[in-house]
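Keeping their order, the protein sequence lines are chains E and L.
According to my numbering, the first sequence holds residues 1 to 130 in order.
According to my numbering, the second sequence holds residues 1001 to 1430 in order.
Even glycine gets a Cβ: it sits at the ideal position worked out from N, Cα and C.
Since this is a predicted model, take the numbers as computed values, not measurements.
The structure appears right after this line, and notes come after that.
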Amino acid sequence: MKFILNSGRTIRQGKYIENKLSQGYAEETSQCHIHPLDLLELGVEEEENILVTNAIGEVVLVAVADEGLPKGMVFVPYGIHCNSVISACTHGTGMPDYKIHEVEIVPTSEKRKTPVELLEQLGGVRYAGN
Amino acid sequence: MQEIKDMVCPFCGCLCDDVTLEIENGEIVATDNCCAIGNAKFLGKNRLKNPIKKVDGKWVDITYDEAIDTAVDILLDADRPLLFGWSGTHGEAQCVGVHMNEILGGVIDSTTSVCHGPSILAIQEVGHPGCTLGQVKNRADLIIYWGCNPIEAHPRHMSRYTTYADGYFLDNAFRNRKVIVVDVRETETSNVADEFIRIKPGGDYAVLSSLRAILRGKGDMIPDSVAGVTKTQLIQVAEMCKTCKFGALFFGVGLTMAKGKYKNVRNAIEFVDDLNRHTKFTLTPMRGHWNVYGANEVMSWMTGYPYAVDFCRGVAFYNPGETTAVDILARKECDACMIVGSDPAAHFPHSCVEQLRDIPMIVIDPFQTMTTTLADLQIPVAVTGIDAEGTAYRMDGVPLKVKKAIDSDYPSDTEILTRIYDIMLEVKGL
Ligand code: SF4
């Protein structure tokens, strides 16, 4: 199913901002809020994983029912997960379309990755000291 | 236990300056008056203990002297360095950054370009009818939050300045101050609004234009519904705005990041302009990072431009969309990067993050961040507001001295950047 992706700050994401390598941040930024009727149509239960894709990339997120959203729109907290499907095109303004991106969503049995795993996949190395 | 009062919270653009900190054995153990986000920042642990450098794909601990030499080498080797971040540090450090960028001939950009950059573009076109938050608190009987969710992003905004605050010139402010929330989705903030306008995604520009048409007596041109908002509600909202004594419109990245970008903000400013023919009305962007406004101030007085300043021609050049960080990274143009007080790996589109991975990158930050994993060097610094002090600008442009609460061995951003800069001057014989 096609959706409009909206991303933004949440208070929990904000709390972990100085501790982005934590489990709490990983949980928060890999959530995808969807209207319950859309979930029904997708055939996905809450807390099941979904695959979000578009021409830019793909990412596995966990579905969270949210009646506050209009049908057809999903909300993902700011973070590396949602950026996997955000285009770098700024239309000459410097600002990507963080609030309005078309994505395709399907159910999946794939596992979610943590931000660190996503970074390691990119070639990142975590400092293990401290 | 020692208690320090009236400290400034260095997290969001509210820069709350009434925070109480409790200190025990040289550590902050509790906060009062702080929101959950600010509290987490003050009590934050896990600071990086010493500078680290990536050698053959592995992190090794190094000394500050080595780290500074490595940073100088990386920056002086580059043809087109990008110095990015700046909203998470104090003004004095930002000044050093601008000087450094000038001798490097690089690009200096702040997180502005991915938050309220478009607002600044609009302000440059049509001006900024702003005021201080104190004016809003004491006078405004109508508040509009458009495309923002202060309960989650600026948790004390409503209690310090709007909905839940007393107003010197208002009777029974809590009851009489009306709040309108405009958003594409229901949020914690829209749940406490007197009036919630739900717009279809991308419909802000049309709704603003309709409100302006109604204000100018052209309401009959408006169709029954605009971007999901009924004409009845539009007329009612226009009337609420027109008849208030003092209105304040706060807007967030819901306007700047959506379709239309700076044109949305321009329309919002012109809406406020139209309203000023009937009453007093002001507009304030909800700036996110605690000192992102300061980064704009510092760059403006030093270079003439508020962000995305390119010095490759030897003089300041500014062209958002070309000299902004996301665009430069997406074009794979920069060949080295220094990140100060920001975490682009967590916030930039995927292809920009790939470019950050592929070039030498220095991170100056107290904590290990997402960007750290892709960097080549990180220099830990003191946290402004905890063990470093400096100047910051609140979202309404009021500069505040951010004091420090404890002493530590960590150098401040200003100290580290000055050391790097001084060596550069020496090498370049300047
Ligand atoms: S509202 Fe912002 S400045 Fe105030 S305490 Fe919370 S995070 Fe800090």
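Check the Cβ-Cβ distances between glutamate 1046 (chain L) and every residue of chain E, and say whether any is below 9 Å.
In the sequence on display, residue 1046 (chain L) carries asparagine and not glutamate. Output row for asparagine 1046 (chain L): interface = yes.
Taking the alpha carbon of aspartate 1413 (chain L) as the point to measure from, which residue in L:Val1402, L:Pro1360, L:Lys1428, L:Ala1388 has its own alpha carbon closest?
Considering only alpha carbons, the answer is L:Ala1388.
Touching or not, the region 115-129 of chain E and the region 1345-1355 of chain L, by the rule of three or more beta carbon pairs under 8 Å?
yes
Have a look at aspartate 1358 (chain L) and lysine 1263 (chain L) and give me their C-alpha separation to the nearest angstrom.
34 Å
Using DSSP bridges, identify the partner residues of leucine 1283 (chain L).
L:Leu1249
Can you tell me which residues form a DSSP beta bridge with serine 1159 (chain L)?
DSSP lists no partner for serine 1159 (chain L).
Under the three-state reduction of DSSP, which class applies to asparagine 1138 (chain L): helix, strand or coil?
helix
If we count the other Cβ atoms within 10 Å of its Cβ and call it buried at 16 or more, is phenylalanine 1174 (chain L) buried or exposed?
exposed
If distances are taken between C-alpha atoms only, which option among L:Pro1150, L:Thr1063, L:Ile1144 comes closest to isoleucine 1180 (chain L)?
With respect to the C-alpha of isoleucine 1180 (chain L), the residue from L:Pro1150, L:Thr1063, L:Ile1144 having the closest C-alpha is L:Ile1144.
Nearest to aspartate 1183 (chain L) by CA position, among E:Arg112, E:Leu42, E:Phe75, E:Phe3, is which residue?
E:Phe75
Do you know offhand how far glutamate 1426 (chain L)'s Cα is from leucine 1076 (chain L)'s?
If you take the alpha carbons of glutamate 1426 (chain L) and leucine 1076 (chain L), they lie about 12 Å apart.
By DSSP, does leucine 1075 (chain L) sit in helix, in strand, or in coil?
helix
Just the chain E side, please: which residues come within less than 9 Å of lysine 1332 (chain L) by C-beta, in chain order?
Neighbourhood of lysine 1332 (chain L) in chain E, by CB distance below 9 Å: empty, with the nearest CB roughly 10 Å away.
Just to confirm, does lysine 1137 (chain L) get its C-beta within under 8 Å of one of the non-hydrogen atoms of the ligand SF4?
no
What's the gap between the Cα of glutamate 47 (chain E) and the Cα of threonine 1371 (chain L)?
29 Å
Per DSSP, what kind of secondary structure is lysine 1261 (chain L) in: helix, strand or coil?
DSSP, reduced to helix, strand and coil, places lysine 1261 (chain L) outside both helices and strands of the structure shown, so it counts as coil.
Pop quiz: leucine 1083 (chain L) and methionine 1100 (chain L) are said to be a contact at Cβ under 8 Å. What is the actual Cβ separation, rounded to whole angstroms?
Right, the Cβ-Cβ distance comes to about 7 Å (below 8 Å), so this counts as a contact.
Can you list, in chain order, the residues of its chain whose CB lies under 6 Å from that of proline 1129 (chain L), leaving out five sequence neighbours each side?
Val1272, Thr1282, Leu1283
Quick one: list the residues of chain E neighbouring histidine 1350 (chain L), beta-carbon separation under 9 Å, in chain order.
Listed by position along chain E, the residues whose Cβ is nearer than 9 Å to that of histidine 1350 (chain L) are Ile56, Gly57, Ile80, Asn83, Ser84, Val85, Ile86, Ser87, Ala88, Leu122.
State the DSSP-derived secondary structure class of isoleucine 1151 (chain L), mapped to helix, strand or coil.
Three-state DSSP puts isoleucine 1151 (chain L) in a helix.
Taking 9 Å as the CB-CB limit, is arginine 9 (chain E) close to chain L?
yes
Which chain E residues are close to serine 1113 (chain L), counting only those with a beta carbon under 7 Å from its beta carbon?
Gly94, Met95
For valine 116 (chain E), would you say it is in contact with chain L, using Cβ-to-Cβ distances shorter than 9 Å as the test?
yes
Under 8 Å: does the beta carbon of lysine 1041 (chain L) sit that close to some heavy atom of the ligand SF4?
yes
Is the region 1006-1016 of chain L close to the region 82-99 of chain E, with three or more CB pairs under 8 Å?
no
Hey, alanine 1227 (chain L) and valine 1253 (chain L): beta-carbon distance below 9 Å or not?
With contacts defined as CB atoms closer than 9 Å, alanine 1227 (chain L) and valine 1253 (chain L) fail to qualify as a contacting pair.
Closest to histidine 1154 (chain L) by C-alpha separation, out of L:Pro1360, L:Gly1013, L:Thr1384, would be which residue?
L:Gly1013
Between which residues of its own chain and alanine 959 (chain L) is the CB-CB distance below 6 Å, once the five residues before and five after are set aside?
Any question about residue 959 (chain L) goes unanswered here, given that chain L covers just 1001 to 1430.
How many whole angstroms separate the CB atoms of phenylalanine 1367 (chain L) and arginine 1047 (chain L), which I take to be in contact at a CB cut-off of 8 Å?
6 Å
Could you name the residues of the region 1253-1281 of chain L whose beta carbon sits closer than 8 Å to any beta carbon of chain E, in the order they occur along the chain?
Val1253, Gly1254, Thr1256, Met1257, Ala1258, Lys1259, Lys1261, Tyr1262
Is the distance from the Cβ of threonine 1189 (chain L) to the Cβ of glutamate 1239 (chain L) below 9 Å?
no
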